[in-house]
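Enquirer: Going by our numbering, 12 is the number at position 12 of the sequence shown; the sequence numbering is gapless. The beta-carbon is built from N, C-alpha and C at its ideal position, and this holds for glycine as well.
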Amino acid sequence: MENYLKCKICNSSLLRFISFGKMPAANAYLKKEELNNPYFKEFFYDMEVGFCESCKMVQLVNIVPYDKYIIPDETGKRNYAFFSSTSKSMESHFLDVAKGIEFRFLNYNDKVLEIGSNDGIFLKNFKNNRVLGVEPSENVAELAINQNIETITEFFSQELAKKILLRKGKFKVIFSANVTLNIIDIHDFIKGVNLLLENDGVFITEDPYLIDILETNAYDQIYDEHIWYFSLTSLTNLFSMHNLEIFDALKEDVHGGSMKVYVCKKGVYEKTERLKKYLEEEKQKCIHLINPYLEFTKKVEENKNKFINLIKNLKNEGNKIVGYAAASKGTIVQNYCNLDSNLINYISDSTPYKQGLYTPGKHIPIVSPDKFHNEVYNNIDNNVDYAIIFAWNHAKEIIEKEQEFLKRGGKFIVHLPEPRIIGIENLQINNKLKLNDEKIQEMHTDIIKTKQHSDTTQSSELIEGVEIKQLKIFANDQGYLFETLRNDDKIYGNEFGQVLVSEIYPGVIKGFHLHEKHDEYTVCVKGNIKYIAVKEYADGRKKINTFVIGEKNPVLIKVPRGVWHGYMTLENKSATLVYLMSRPYNPKDPDTKEKDVFAFGDLWTVRHG
Ligand SMILES: [Zn+2]
1 MENYLKCKIC NSSLLRFISF GKMPAANAYL KKEELNNPYF KEFFYDMEVG
51 FCESCKMVQL VNIVPYDKYI IPDETGKRNY AFFSSTSKSM ESHFLDVAKG
101 IEFRFLNYND KVLEIGSNDG IFLKNFKNNR VLGVEPSENV AELAINQNIE
151 TITEFFSQEL AKKILLRKGK FKVIFSANVT LNIIDIHDFI KGVNLLLEND
201 GVFITEDPYL IDILETNAYD QIYDEHIWYF SLTSLTNLFS MHNLEIFDAL
251 KEDVHGGSMK VYVCKKGVYE KTERLKKYLE EEKQKCIHLI NPYLEFTKKV
301 EENKNKFINL IKNLKNEGNK IVGYAAASKG TIVQNYCNLD SNLINYISDS
351 TPYKQGLYTP GKHIPIVSPD KFHNEVYNNI DNNVDYAIIF AWNHAKEIIE
401 KEQEFLKRGG KFIVHLPEPR IIGIENLQIN NKLKLNDEKI QEMHTDIIKT
451 KQHSDTTQSS ELIEGVEIKQ LKIFANDQGY LFETLRNDDK IYGNEFGQVL
501 VSEIYPGVIK GFHLHEKHDE YTVCVKGNIK YIAVKEYADG RKKINTFVIG
551 EKNPVLIKVP RGVWHGYMTL ENKSATLVYL MSRPYNPKDP DTKEKDVFAF
601 GDLWTVRHG
């Protein structure tokens with residue numbers, strides 16, 4: 001192994017700013033036979049990170065060769081333990097990304113290449129384009145190939161790019177997620193990308209974002225496979241060495257904070273305002289100077305000490321502690337904080353490949369979630385008291401899934417950005433509202449904020465059967481689009497009647513009406529409206545939900561049969577509504593009851609303060 005003292009991008013000298021000591025390869029899980037074999041020697045290296053004052057690239061000082069973590073099995077197959085599609089949130093993330101790219105850059109039949117295509121989680125979303133994947137790990141590539149996604153099982157390089165060029169020609173879009181930061185010979189990699197890019201082609205790379213790592217103390221993003229820690233500043237310098245330039249960038253809320261970077265041949269696309277804003281932010285945060293990195297080191301050491309104390313104290317009190325999800329992040333935390341199987345009984349993980357193996361360095365056994373659930377649900381004597389969520393960036397998704405554990409008195413521990421314990425008392429949410437949808441939660445708060453009326457109560461809870469779907473807008477310089485209702489949406493009741501468009505003039509209040517035989521799904525596509533739903537109960541109680549929807553809050557509202565609803569334009573301009581009725585309009589049976597606008601009091605006046 002070489003110990004680089006020079007920047008691997010520009011050959012200037014590198015300033016080391018953090019050292020983690022001896023670390024194993026984060027994904028080199030061990031078999032029982034290996035642990036029992038006295039001649040087996042586990043691989044360790046000095047994990048240190050440096051900053052180049054010249055090109056600004058943050059990078060690992062010592063490089064671990066790929067064969068330490070992509071390990072050939074008995075048959076010589078290269079295997080890797082991360083399957084993208086096992087994570088639900090990643091599945092929907094890549095669907096959104098693919099749709100955004102298709103809308104913005106692709107015409108019918110244009111070609112898309114993905115480098116590091118994993119199990120096809122991204123490429124499978126392109127129905128109108130020719131796709132090709134490159135994935136060196138044969139066990140995951142197989143899953144893509146089984147879905148008819150053409151996949152080359154090799155490492156991407158300039159050499160491979162030349163072969164692809166001969167066979168397939170150039171590509172309109174080249175995409176990679178969490179790959180570029182792993183590439184040891186990054187100049188060779190970029191040369192290969194450049195070779196395969198059409199003149200107006202776009203290379204999109206999405207990787208963890210340095211600023212997020214620094215601001216969330218996310219030292220567990222640092223491990224042997226992550227060689228580079230990108231800022232837009234350092235990437236700008238890197239791409240310019242290859243006659244390429246970044247023209248757009250977008251922050252994504254995955255992997256604890258990522259940046260999606262859009263790259264083209266110099267001068268082909270105009271730089272977006274959004275990109276300029278991000279670059280300005282980096283400048284203000286002094287990302288080009290050593291100071292923020294030294295500050296990070298200090299905070300990481302503090303975090304480590306707090307976390308170790310927390311775990312040791314809980315253990316001394318006699319608690320049983322396990323881990324939830326065996327990820328590379330966890331390997332770093334376990335080794336850096338010296339957490340072994342004396343402190344953590346086991347780690348539960350849903351990936352079958354990992355079950356039965358041991359974590360690198362600290363050798364904590366990895367078990368199926370069945371063991372964890374069995375202990376939780378069957379109240380086995382030695383029940384689990386605490387579960388550490390090592391994949392802390394998925395904490396919300398995990399907590400939502402494991403509410404039963406919390407209800408039975410279990411608690412989760414999350415170590416970043418600050419160590420904290422999460423118990424049932426921290427979950428003051430309405431069951432109907434999804435924990436992982438902050439936008440809906442914000443709206444929920446808005447509903448509570450609306451003033452109360454003498455004879456009715458503004459409810460903080462949604463009326464039974466009233467449901468909302470947050471809509472995602474894909475915008476670019478040509479325009480924008482968004483989906484409204486899909487037949488695979490959970491809120492869709494599988495009944496189609498007709499779709500209507502209606503325009504409401506400024507100042508109009510459309511009074512309350514109620515349908516007994518059909519549901520309504522409403523979207524406000526132009527302007528903004530105040531939408532009110534009222535449920536009257538037999539005992540005289542009423543429940544009222546108020547929403548503000550439209551351009552400023554793109555949501556679809558489902559109002560079931562039996563709920564009064566009405567709406568009013570806001571901002572003194574007209575509004576356009578598109579709505580679906582689950583039953584076609586029949587003039588002989590209009591299925592509509594009406595009530596006066598003020599039948600439930602004045603819910604309409606916009607109050608100040
Ligand atoms: Zn450099």
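Do you know offhand how far Lys266's Cα is from Glu245's?
Expert: Here residue 266 refers to the residue found at position 266 when the sequence shown is read from its first residue. Here residue 245 refers to the residue found at position 245 when the sequence shown is read from its first residue. Cα to Cα, the separation comes out at about 5 Å.
Enquirer: Between Tyr386, Asn27 and His373, which lies nearest to Lys312 when the distance is taken from Cα to Cα?
Expert: Here residue 312 corresponds to residue number 312 of the sequence shown, with the count starting at 1. Ranking the options by Cα distance to Lys312, first place goes to Tyr386.
Enquirer: Would you mind working out which of Val367, Pro419, Asn309 and Gln403 sits nearest Trp392, comparing C-alpha positions?
Expert: Counting from 1 along the sequence shown, the entry for residue 392 is found at position 392. The shortest C-alpha separation from Trp392 is found at Pro419.
Enquirer: Any idea which residues DSSP pairs Asn383 with across the strands?
Expert: Locating residue 383 in the sequence shown gives position 383, counting from the first residue. Answer is none; Asn383 lacks a bridge partner.
Enquirer: Check whether the Cβ of Ser231 sits closer than 7 Å to any heavy atom of ligand 1, and report yes or no.
Expert: Numbered from 1 along the sequence shown, position 231 holds the residue referred to as residue 231. The answer is no for Ser231.
Enquirer: From Glu630 to Ile468, what distance separates their C-alpha atoms?
Expert: Not covered by the structure: residue 630. The range shown for the chain is 1 to 609.
Enquirer: Is it buried or exposed for Lys535, if we count other Cβ within 10 angstroms and need 16 for buried?
Expert: On the sequence shown, position 535 is the one that residue 535 refers to. Classification for Lys535: buried.
Enquirer: Can you tell me the Cβ-Cβ gap for Ile422 and Phe412, rounded? I've got them flagged as a contact below 8 Å.
Expert: Stepping through the sequence shown from its first residue, residue 422 is reached at position 422. Stepping through the sequence shown from its first residue, residue 412 is reached at position 412. 4 Å between Cβ atoms; contact.
Enquirer: If you drop the 5 nearest sequence neighbours on each side, which residues of the same chain put their C-beta closer than 6 Å to that of Asp110?
Expert: In the sequence shown, residue 110 corresponds to position 110, counting from 1. Result list for Asp110: Asn129 and Lys172, in chain order.
Enquirer: Relative to the alpha-carbon of Glu150, which residue among Asp188, Val179 and Ser117 has its alpha-carbon at the smallest distance?
Expert: Walking along the sequence shown from the start, residue 150 turns up at place 150. Cα-wise, what sits closest to Glu150 is Ser117.
Enquirer: If you compare alpha carbons, which of Glu198, Leu235 and Glu571 is closest to Pro208?
Expert: Counted from its first residue, the sequence shown places residue 208 at position 208. The shortest C-alpha separation from Pro208 is found at Leu235.
Enquirer: Sorry if obvious, but does the Cβ on Ile63 come closer than 7 Å to a heavy atom of ligand 1?
Expert: Translated into positions along the sequence shown, residue 63 becomes position 63. No, the beta carbon of Ile63 sits no closer than 7 Å to any heavy atom of ligand 1.
Enquirer: How many Å lie between Asn572 and Glu402 at the Cα?
Expert: Start at 1 with the first residue of the sequence shown, and residue 572 comes out as number 572. Start at 1 with the first residue of the sequence shown, and residue 402 comes out as number 402. Between Asn572 and Glu402, the C-alpha separation is close to 46 Å.
Enquirer: Looking at the structure shown, is Leu580 part of a helix, part of a strand, or coil, going by DSSP?
Expert: For the purposes of this step, residue 580 is taken as the residue at position 580 of the sequence shown. Strand, per DSSP.
Enquirer: Would you call the stretch 548-565 in contact with the stretch 527-534, where contact means no fewer than 3 C-beta pairs closer than 8 Å?
Expert: Yes, they touch.
Enquirer: Note down, in chain order, each residue of its chain lying with its Cβ closer than 8 Å to the Cβ of Val300, except the 5 sequence neighbours on either side.
Expert: Stepping through the sequence shown from its first residue, residue 300 is reached at position 300. These residues qualify, in order along the chain: Ile18, Asn217 and Tyr219.
Enquirer: Let me confirm a value: Pro360 is counted as buried when at least 16 other C-beta atoms fall within 10 Å, else exposed. Which label applies?
Expert: Taking the first residue of the sequence shown as position 1, residue 360 is located at position 360. Pro360 is buried by the Cβ-count criterion.
Enquirer: Would you check if the stretch 190-197 and the stretch 151-165 touch, i.e. whether three or more CB-CB distances between them fall below 8 Å?
Expert: Touching, yes.
Enquirer: Looking at C-alpha atoms only, which residue of Glu33, Asn487, Ala25 and Ile290 is the closest neighbour of Met47?
Expert: One-based indexing of the sequence shown puts residue 47 at position 47. Per the Cα distances, Ala25.
Enquirer: Rounded to whole angstroms, what is the Cα-Cα separation between Ser328 and Leu339?
Expert: By 1-based counting over the sequence shown, the position of residue 328 is 328. By 1-based counting over the sequence shown, the position of residue 339 is 339. Cα to Cα, the separation comes out at about 14 Å.
Enquirer: Pop quiz: Ser341 and Pro365 are said to be a contact at Cβ under 8 Å. What is the actual Cβ separation, rounded to whole angstroms?
Expert: In the sequence shown, the residue the question calls residue 341 occupies position 341. In the sequence shown, the residue the question calls residue 365 occupies position 365. Yes, Ser341 and Pro365 are in contact; Cβ-Cβ is about 7 Å, under 8 Å.
Enquirer: Out of Leu165, Asp477 and Tyr521, which one is the CA nearest neighbour of Ile487?
Expert: As a working note, residue 487 is residue 487 in the sequence shown. Here residue 487 turns out to be Asn, not Ile, going by the sequence shown. Out of Leu165, Asp477 and Tyr521, Tyr521 has the C-alpha closest to the C-alpha of Asn487.
Enquirer: Would you tell me roughly how many angstroms separate the C-alpha atoms of Lys283 and Leu471, rounded to the nearest one?
Expert: By one-based count along the sequence shown, residue 283 stands at place 283. By one-based count along the sequence shown, residue 471 stands at place 471. Answer to the nearest angstrom: the Cα atoms are 33 Å apart.
Enquirer: When you compare the CB of Phe175 with every CB in chain B, is at least one pair closer than 8 Å?
Expert: Checking the listed chains, one finds no chain B in this structure; it contains a single protein chain.
Enquirer: If you follow the alpha helix (DSSP H) that Asn125 is in, where does it begin and where does it stop?
Expert: By 1-based counting over the sequence shown, the position of residue 125 is 125. That residue, Asn125, is in no alpha helix (DSSP H); it is neither H nor E in DSSP.
Enquirer: Could you spell out where the alpha helix (DSSP H) holding Gly330 opens and where it closes?
Expert: Within the sequence shown, numbered from 1, the residue matching residue 330 stands at position 330. From DSSP, the alpha helix (DSSP H) with Gly330 extends over Ser328 to Tyr336.
Enquirer: Quick one: what does DSSP say Glu245 is sitting in, helix, strand or coil?
Expert: Locating residue 245 in the sequence shown gives position 245, where the first residue counts as 1. If DSSP states are grouped into helix, strand and coil, Glu245 belongs with the strands.
Enquirer: State the DSSP-derived secondary structure class of Ser454, mapped to helix, strand or coil.
Expert: If you number the sequence shown from 1, residue 454 lands on position 454. Bear in mind that the predicted position of Ser454 carries a pLDDT of just 29, short of 50, making it too unreliable to give a figure here.
Enquirer: When you compare each of Ser502, Ile509, Ile491 and Lys298 to Thr605 by their alpha carbons, which one comes out closest?
Expert: Within the sequence shown, the letter at position 605 stands for residue 605. Cα-wise, what sits closest to Thr605 is Ile509.
Enquirer: What residues match up with Val322 in a beta bridge as DSSP calls it?
Expert: Residue 322 sits at position 322 when you count from the first residue of the sequence shown. Beta-bridge pairing links Val322 to Ala387.
Enquirer: Roughly how far, in whole angstroms, is the beta-carbon of Tyr45 from the beta-carbon of Met23, given that I think they are within contact range, below 8 Å?
Expert: Here residue 45 is taken as the residue at index 45 of the sequence shown, counted from 1. Here residue 23 is taken as the residue at index 23 of the sequence shown, counted from 1. Contact holds; Cβ gap of about 6 Å.
Enquirer: Any chance you could list the beta strand (DSSP E) runs of at least 3 consecutive residues sitting entirely within the stretch 523-588, in chain order?
Expert: The stretch 523-588 contains these whole beta strand (DSSP E) runs: 528-536, 542-550, 555-559, 564-569 and 575-581.
Enquirer: For Val134, which of helix, strand or coil comes out of DSSP?
Expert: As a working note, residue 134 is residue 134 in the sequence shown. It is a strand residue.
Enquirer: For Cys623, verify whether its CB is less than 7 Å away from any heavy atom of ligand 1.
Expert: Because the chain here runs from 1 to 609, residue 623 falls outside it and cannot be looked at.
Enquirer: Where do the N-terminal and C-terminal ends of the beta strand (DSSP E) with Pro610 fall, by residue?
Expert: Outside the displayed range of the chain (1 to 609) lies residue 610, so it cannot be described from this structure.
Enquirer: Is the separation between the beta-carbon of Ala170 and that of Leu197 shorter than 8 Å?
Expert: For this step, residue 170 is matched to residue 170 along the sequence shown. For this step, residue 197 is matched to residue 197 along the sequence shown. Checking the sequence, you will find Lys at residue 170 rather than Ala. Going by C-beta atoms, Lys170 is nearer than 8 Å to Leu197.
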